[in-house]
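Trainee:
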Amino acid sequence: MKKYSVFAIAREAMRGHRGWEEQWSSPEPKKDYDVIIVGAGGHGLATAYYLATVHGITNVAVLEKGWLGGGNTGRNTTIIRSNYLYDESAGIYDHALKLWDGLSQELNYNVMYSARGVMMLAHNVHDIQVLKRHVHANRLNGIDNEWLTPEQAKEFCPPLNISKQARYPVVGAALQRRGGTARHDAVAWGYARGASARGVHIIQNCEVTGVKRAANGAVTGVETTRGFIGAKKVGVVAAGHSSVIMNMAGVRMPLESYPLQALVSEPVKPVVPCVVMSNTVHAYISQSDKGELVIGAGTDQYVSYSQTGGLHILQHTLDAICEMFPIFTRMKMLRSWGGIVDVTPDRSPILAKTPVPGLYVNCGWGTGGFKATPGSGHVFAHTIARDDPHPINAPFTIERFRTGRLIDEAAAAAVAH
Amino acid sequence: MLLIRCPYCEEERPELEFRNAGEAHIARSANIAGESDDDFEKFFFIRSNPKGIIHERWRHMHGCARFFNAVRDTVSDKFIITYKAGEPKPAKLPKISNEVVAK
Chain F
-12 MKKYSVFAIA REAMRGHRGW EEQWSSPEPK KDYDVIIVGA GGHGLATAYY LATVHGITNV
48 AVLEKGWLGG GNTGRNTTII RSNYLYDESA GIYDHALKLW DGLSQELNYN VMYSARGVMM
108 LAHNVHDIQV LKRHVHANRL NGIDNEWLTP EQAKEFCPPL NISKQARYPV VGAALQRRGG
168 TARHDAVAWG YARGASARGV HIIQNCEVTG VKRAANGAVT GVETTRGFIG AKKVGVVAAG
228 HSSVIMNMAG VRMPLESYPL QALVSEPVKP VVPCVVMSNT VHAYISQSDK GELVIGAGTD
288 QYVSYSQTGG LHILQHTLDA ICEMFPIFTR MKMLRSWGGI VDVTPDRSPI LAKTPVPGLY
348 VNCGWGTGGF KATPGSGHVF AHTIARDDPH PINAPFTIER FRTGRLIDEA AAAAVAH
Chain W
63 MLLIRCPYCE EERPELEFRN AGEAHIARSA NIAGESDDDF EKFFFIRSNP KGIIHERWRH
123 MHGCARFFNA VRDTVSDKFI ITYKAGEPKP AKLPKISNEV VAK
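One line per chain: the protein sequences are F and W, in this order.
Anchor point for the first sequence: position 257 equals 244 in the working numbering, and the numbering is continuous, going up by one each time.
Quick note, the working numbering runs 62 ahead of the 1-based positions in the second sequence.
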C-alpha cells in the first residue's frame, strides 16, 4: 500500500496522476479462511481491519452481497456522539468516539471527522429533565456534555429559531462538543484499504445464502452465490439482514427491521455550524462539507426490507425542520432514500458470541450505528479473535433478553440514537 | 404510504389511519407468571422478522379502532390479504402481482 501524503499528491501531479494504485484488491475467494465476516459495511470492514492490525489474523474474507459500503454505511446521516445515558452504552460509544479522534491518521485516509458539536434541544419541562439527567450521567462517565440556555444555543447555532412564539419553543439544549460528523463513505473505504493491504480479502457481489454447521453444531463455512467458502469462525455484521443470516444458522433473533429515511437539500453556503437534534419534534440536521443540509427522518412503523419509506414520514420531518429553522422553508430537497435498520427491543446493539460455536453477531444498532463504527469493529474483532467478549461489549449479549438484564436506552433516550 | 383494507370497515384507507401492532399469531400464555425464562423470551422478544411474507397485526386507530391481521410482502410492501382478529391464518394466499397497476 502506497502511503497517501502531500508528497504523493505532488509526485502524482508531476506525472499526470497515473501512479495511484487500487485502494483495495478484489481477489477470487479462496476455499477457506480463518474468519469470514458477512457484510462489508463500516462495522464489518472495521472488524476485519482490527482483526488484522490488533490480533494478527489476516486470513480473513469480508463477503458483501452488493457493493462495499452500499448499505446503511452509505445511507446514514453521519452523526457522531457518545452522550448516552447508561454506563454500558457510554462505554461503547465513547470508546468509538476516542477512536474517531485520530482515525484519519491511523488509516492514512481522510475520514473527515469534524468535532463540530452535537446540540440536542429541549422544548418542554420533560425534555429539560431528561437532557439534564443525561448531562449529569455523562459527566459521571467522563463524557463531555453541557447545558445551554436558549440564547447560548442560538449563539452556537445562529439560524436556530428561539422565539417564544414558536409552536415548540426552545427552552434549553445539551451540547456535546466532541460530537460531530464524518465522511461515511471514506470510513468504509479507509478500513477496506487498510484491511486489504494487510491481506484481508474483500469479496463483493457475493451473497451468503446459507450457513453450514458440523454435526457438533459448530460453524464450518457459508454457502454463497460464488460457491461454498469454509471458515472456522463467522461474524455476522449484516445490519437489517442480520436476522435473515442468523436464521440460516438456526438462531432466531430479537430483531425487527424497519425502513429509516434521510434526505439532503440543494447545496448552500455554510449556514449550520453544528449538528442539531430534537427528539420532541423529531428532526436532526447538519450540513455536509459539500453544503447540503443532511436531514434524518424517522422509521416507518412496519417491518420492511424495501429500502424505501412512506412520504408522510419525510413530510413530518420537514415540518419539524421548518419549525426549528424557518430560514429553510424555501430550500429545495434534492434526494431522499431509505435504509433497513435492525432494531432490538431495548434499542441497544448485540455484539456477542451466539449459541452456535464459531458464530458471532454484531447487529441491532438500529437507527444509530454509524457513530459506533470504529469502537464496534474494535471490540467485535476482540470477541472473534479471543472467542471471548471485550469488557466493553460484554454486556451486549443475546442472552440479556432471557435474563432480563436489558440496556434500556430506548425509554431513556426517547427517539434519537 | 400504504393503502390498507380494514376488514371491519370493508374499505381501503390510507396508512395514517392505522397503527402497526407487530407480528400476529403470537399467543400470550394464560399463565404468564408460570412461563419459563426461555418461553417468555420467545413470546416477548423473539420475532420472525421475515424477508418476504409476514403475518402482522394492525389497528384501525382513526377509524373503527379495531385490531385485525394482515398478510404482507415485506420486500414489495404489498398487502396480500387482511382478515379479522381471531380468524386463523389463511391457508391459501391469493396470488398478487408485484407490478404497479395503473388505476
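All residues carry an ideal CB built from backbone N, CA and C; glycine is no exception.
Spatial neighbours of residue 185 of chain F within its chain, please: CB distance less than 6 Å, with the 5 preceding and 5 following residues excluded, ordered by chain position.
Mentor: Taking the first sequence and counting its residues from 1, the one referred to as residue 185 of chain F is at position 198. Closer than 6 Å at the Cβ level, and outside the excluded window around residue 185 of chain F, lie 39 and 45.
Trainee: So the alpha helix (DSSP H) residue 23 of chain F belongs to, where does it begin and stop?
Mentor: Taking the first residue of the first sequence as position 1, residue 23 of chain F is located at position 36. Premise fails: residue 23 of chain F lies in the beta strand (DSSP E), 19 to 25, not in any alpha helix (DSSP H).
Trainee: List the residues of chain W whose Cβ lies closer than 8 Å to the Cβ of residue 299 of chain F, in chain order.
Mentor: As a first step, residue 299 of chain F is located in the first sequence; it is residue number 312 there, counting from the start. Under the 8 Å cutoff, chain W gives 63, 77 and 78.
Trainee: Using a Cβ-Cβ cut-off of 9 Å, state whether residue 163 of chain W counts as contacting chain F.
Mentor: Counting from 1 along the second sequence, the entry for residue 163 of chain W is found at position 101. Confidence at residue 163 of chain W is low in this model, with a pLDDT of 49, below 50, so its placement is unreliable and the value that follows should be read with caution. For residue 163 of chain W, the answer is no, since every Cβ of chain F falls outside 9 Å of its Cβ.
Trainee: Going by beta-carbon coordinates alone, are residue 285 of chain F and residue 247 of chain F separated by less than 9 Å?
Mentor: For the purposes of this step, residue 285 of chain F is identified with residue 298 of the first sequence, where counting begins at 1. For the purposes of this step, residue 247 of chain F is identified with residue 260 of the first sequence, where counting begins at 1. Taking 9 Å as the Cβ cut-off, residue 285 of chain F and residue 247 of chain F qualify as a contacting pair.
Trainee: Could you pull the DSSP bridge partners for residue 153 of chain W from this structure?
Mentor: Translated into positions along the second sequence, residue 153 of chain W becomes position 91. None; residue 153 of chain W has no bridge partner.
Trainee: Return the chain-ordered list of same chain residues with a C-beta closer than 6 Å to the C-beta of residue 320 of chain F, the five sequence neighbours on each side being excluded.
Mentor: Taking the first residue of the first sequence as position 1, residue 320 of chain F is located at position 333. Cβ within range, chain order: 250 and 252.
Trainee: For residue 294 of chain F, name the three-state secondary structure that DSSP assigns.
Mentor: Your numbering for residue 294 of chain F matches position 307 in the first sequence. Of the three classes helix, strand and coil, the one that applies to residue 294 of chain F here is coil, per DSSP.
Trainee: Between residue 390 of chain F and residue 106 of chain W, what straight-line distance do the alpha-carbon atoms span, to the nearest angstrom?
Mentor: Within the first sequence, numbered from 1, the residue matching residue 390 of chain F stands at position 403. Within the second sequence, numbered from 1, the residue matching residue 106 of chain W stands at position 44. Answer to the nearest angstrom: the Cα atoms are 12 Å apart.
Trainee: If you check the beta carbons only, do residue 309 of chain F and residue 242 of chain F fall under 9 Å apart?
Mentor: Counting from one through the first sequence, the residue named residue 309 of chain F turns up at place 322. Counting from one through the first sequence, the residue named residue 242 of chain F turns up at place 255. No, these two residues do not count as a Cβ contact at 9 Å.
Trainee: Distance check for residue 166 of chain F and residue 132 of chain W, CA to CA, integer angstroms please.
Mentor: Here residue 132 of chain W is taken as the residue at index 70 of the second sequence, counted from 1. Here residue 166 of chain F is taken as the residue at index 179 of the first sequence, counted from 1. Their Cα atoms are separated by approximately 42 Å.
Trainee: What residue from F/159, F/134 and F/59 has the CA that sits closest to residue 267 of chain F's CA?
Mentor: Indexing the first sequence from 1 puts residue 267 of chain F at position 280. Among F/159, F/134 and F/59, the Cα nearest to that of residue 267 of chain F belongs to F/159.
Trainee: Helix, strand or coil for residue 178 of chain F, going by three-state DSSP, please let me know.
Mentor: In the first sequence, the residue the question calls residue 178 of chain F occupies position 191. Reduced to three states, the DSSP call for residue 178 of chain F is helix.
Trainee: Using the beta-carbon of each residue, which ones in chain W are nearer than 8 Å to residue 293 of chain F?
Mentor: The sequence position of residue 293 of chain F within the first sequence is 306, counting from 1. Those are 136, 137, 138 and 139, listed as they occur along chain W.
Trainee: Alpha carbons only, please: which of F/307, F/198 and F/100 is nearest the one belonging to residue 361 of chain F?
Mentor: Residue mapping note: residue 361 of chain F aligns to position 374 of the first sequence, counting from 1. Closest option to residue 361 of chain F, Cα to Cα, is F/100.
Trainee: State the DSSP-derived secondary structure class of residue 396 of chain F, mapped to helix, strand or coil.
Mentor: By 1-based counting over the first sequence, the position of residue 396 of chain F is 409. Residue state, collapsed to three classes: helix.
Trainee: Decide if the segment 223 to 237 of chain F is in contact with the segment 276 to 285 of chain F; the criterion is three or more beta carbon pairs, one per stretch, under 8 Å apart.
Mentor: Counting Cβ pairs under 8 Å, fewer than three are found: no touch.
Trainee: Give a yes or no on whether the minimum CB-CB distance between residue 390 of chain F and chain W is below 9 Å.
Mentor: Here residue 390 of chain F refers to the residue found at position 403 when the first sequence is read from its first residue. With 9 Å as the cut-off, residue 390 of chain F counts as an interface residue toward chain W.
Trainee: Which class does residue 170 of chain F belong to by DSSP, given the choice of helix, strand or coil?
Mentor: By one-based count along the first sequence, residue 170 of chain F stands at place 183. In the structure shown, residue 170 of chain F sits in coil (DSSP, three-state: anything other than H, G, I, E or B).
Trainee: For the beta strand (DSSP E) containing residue 199 of chain F, name the first residue and the last one.
Mentor: Working through the first sequence from its first residue, we reach residue 199 of chain F at position 212. Counting along the chain, the beta strand (DSSP E) containing residue 199 of chain F begins and ends at 195 to 200.
Trainee: If we count the other Cβ atoms within 10 Å of its Cβ and call it buried at 16 or more, is residue 64 of chain F buried or exposed?
Mentor: Translated into the one-based positions of the first sequence, residue 64 of chain F becomes position 77. The residue in question, residue 64 of chain F, is buried, as its Cβ has 16 or more Cβ neighbours within 10 Å.
Trainee: Per DSSP, residue 161 of chain F forms a beta bridge with which residues?
Mentor: As a working note, residue 161 of chain F is residue 174 in the first sequence. Per DSSP, F/107 and F/134.
Trainee: Using a C-beta to C-beta distance shorter than 7 Å, which residues of chain F count as neighbours of residue 82 of chain W?
Mentor: The count along the second sequence starts at 1 and reaches residue 82 of chain W at position 20. Neighbours of residue 82 of chain W on chain F, chain order: 288 and 289.
Trainee: By the criterion of Cβ-Cβ separation under 9 Å, what are the contact partners of residue 231 of chain F in chain W?
Mentor: Residue mapping note: residue 231 of chain F aligns to position 244 of the first sequence, counting from 1. The contacting residues are 111, 112 and 113.
Trainee: Does residue 103 of chain F have its Cβ less than 9 Å from a Cβ in chain W?
Mentor: Taking the first sequence and counting its residues from 1, one reaches residue 103 of chain F at position 116. No, residue 103 of chain F does not count as interfacial toward chain W.
Trainee: Using 10 angstroms around the beta-carbon of residue 63 of chain W, count the other beta-carbons present and answer buried if the total reaches 16, otherwise exposed.
Mentor: In the second sequence, counting from the first residue as 1, residue 63 of chain W sits at position 1. Residue 63 of chain W comes out exposed.
Trainee: For residue 139 of chain F, which of helix, strand or coil comes out of DSSP?
Mentor: Along the first sequence, read from residue 1 onward, the residue named residue 139 of chain F stands at position 152. Correct three-state label for residue 139 of chain F: helix.
Trainee: With 16 other CB atoms within 10 Å as the buried threshold, where does residue -11 of chain F fall?
Mentor: Here the question's residue -11 of chain F lines up with position 2 in the first sequence. Answer is exposed; the Cβ neighbour count stays below 16.
Trainee: Looking only at DSSP bridge pairs, what is residue 9 of chain F linked to?
Mentor: For the purposes of this step, residue 9 of chain F is taken as the residue at position 22 of the first sequence. Looking at the DSSP assignment, residue 9 of chain F forms no beta bridge with any residue, so it has no partner.
Trainee: Using the Cβ count rule (16 or more neighbours within 10 Å means buried), how would you classify residue 7 of chain F?
Mentor: Along the first sequence, read from residue 1 onward, the residue named residue 7 of chain F stands at position 20. That one is exposed.
Trainee: What in chain W is Cβ-close to residue 242 of chain F, meaning under 8 Å?
Mentor: Your numbering for residue 242 of chain F matches position 255 in the first sequence. Going along chain W in sequence order, the residues near residue 242 of chain F (Cβ under 8 Å) are 109 and 111.
Trainee: Checking 9 Å against the spacing of the C-beta atoms, do residue 25 of chain F and residue 31 of chain F come in under that value?
Mentor: Translated into the one-based positions of the first sequence, residue 25 of chain F becomes position 38. Translated into the one-based positions of the first sequence, residue 31 of chain F becomes position 44. Yes.
Trainee: Starting from the beta carbon of residue 74 of chain W, find every residue of chain F whose beta carbon is closer than 8 Å, and list them in chain order.
Mentor: Counted from its first residue, the second sequence places residue 74 of chain W at position 12. Ordered by position in chain F, no residue passes the 8 Å Cβ test against residue 74 of chain W, which lies about 16 Å from the chain.
Trainee: Bridge partners of residue 341 of chain F, per DSSP?
Mentor: Taking the first residue of the first sequence as position 1, residue 341 of chain F is located at position 354. The partner list for residue 341 of chain F (beta bridge, DSSP) is empty, contrary to what the question assumes.
Trainee: Counting only Cβ pairs nearer than 8 Å, list the residues of chain F close to residue 116 of chain W.
Mentor: By one-based count along the second sequence, residue 116 of chain W stands at place 54. Here the neighbours are 290.
Trainee: Quick check: the Cα distance between residue 400 of chain F and residue 116 of chain F, rounded to an integer number of angstroms?
Mentor: As a first step, residue 400 of chain F is located in the first sequence; it is residue number 413 there, counting from the start. As a first step, residue 116 of chain F is located in the first sequence; it is residue number 129 there, counting from the start. For residue 400 of chain F, the predicted model reports a pLDDT of 45, less than 50, meaning its position is unreliable; a value from the coordinates is still stated below. Going by the C-alpha atoms only, they are around 12 Å apart.
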